[in-house]
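Trainee: Heads up: take any position in the sequence shown, counting from 1, add 50, and you land on this note's numbering.
Each residue gets a CB set at the ideal place from its N, CA and C atoms; glycine is no exception.
It should be emphasised that the depicted structure is a prediction, and the values quoted were computed from it without experimental measurement.
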Amino acid sequence: MQFCDRIMAATIVLIIYISGIVLATGTKKAVFTFPEFQYKETSKNEMAFREFESACEQNPTCAQMSGITRMRCVRECISPSCYQDIYQSDQLEEGEIDVRLNSFKGCFIQRATRQRP
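1) DSSP state of I118, grouped into three classes?
2) If R161 sits next to S131, beta carbons under 8 angstroms apart, how far is it from one beta carbon to the other, in whole angstroms?
3) Can you grab the Cα-Cα spacing for the pair R120 / P85, in whole Å?
4) Using beta-carbon positions only, say whether I128 and E144 come within less than 7 angstroms of one another.
5) Within 10 Å of its beta-carbon, does K155 have 16 or more other beta-carbons around it, so buried, or fewer, so exposed?
6) In or out: S139 buried (at least 16 other Cβ within 10 Å) or exposed?
7) Quick one: what does DSSP say F84 is sitting in, helix, strand or coil?
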């Protein structure tokens, strides 16, 4: 086998290998699902959420934490049951864009208004 033939054969093997990787990774799409709660962004709802958020940020347990650990602590403090439903099975990670926040706020508002007499 000549040098050019070996290069060609190696190139073909490499292309097949890369194609296999692309096909394999392309077929496995991760679907991210979580419970969704409707949230209407009104000044009343935002004020209620911010009030709880502020109180939880001052909570001695959460106040000593930083970064994502603090955010998780604050969210769990705001509503343990909503946190359990939305975040517990797939914790927020550093740098993650929180696409679940509005759902969390909706859960919080829904459960907070249900608890009022």
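Mentor: Let me lay it out:
1) Here residue 118 refers to the residue found at position 68 when the sequence shown is read from its first residue. Looking at I118 - three-state DSSP - the assignment turns out to be helix.
2) Stepping through the sequence shown from its first residue, residue 161 is reached at position 111. Stepping through the sequence shown from its first residue, residue 131 is reached at position 81. About 6 angstroms separates the two Cβ atoms, so the contact holds.
3) To locate residue 120, count along the sequence shown from 1; it is residue 70. To locate residue 85, count along the sequence shown from 1; it is residue 35. Cα-Cα distance, rounded: 22 angstroms.
4) As a first step, residue 128 must be located in the sequence shown, where it is residue number 78. As a first step, residue 144 must be located in the sequence shown, where it is residue number 94. Not in contact: I128 and E144 (Cβ atoms no closer than 7 angstroms).
5) Numbered from 1 along the sequence shown, position 105 holds the residue referred to as residue 155. Classification for K155: buried.
6) Counting from 1 along the sequence shown, the entry for residue 139 is found at position 89. So S139 ends up on the exposed side.
7) By one-based count along the sequence shown, residue 84 stands at place 34. F84: coil per DSSP, three-state reduction.
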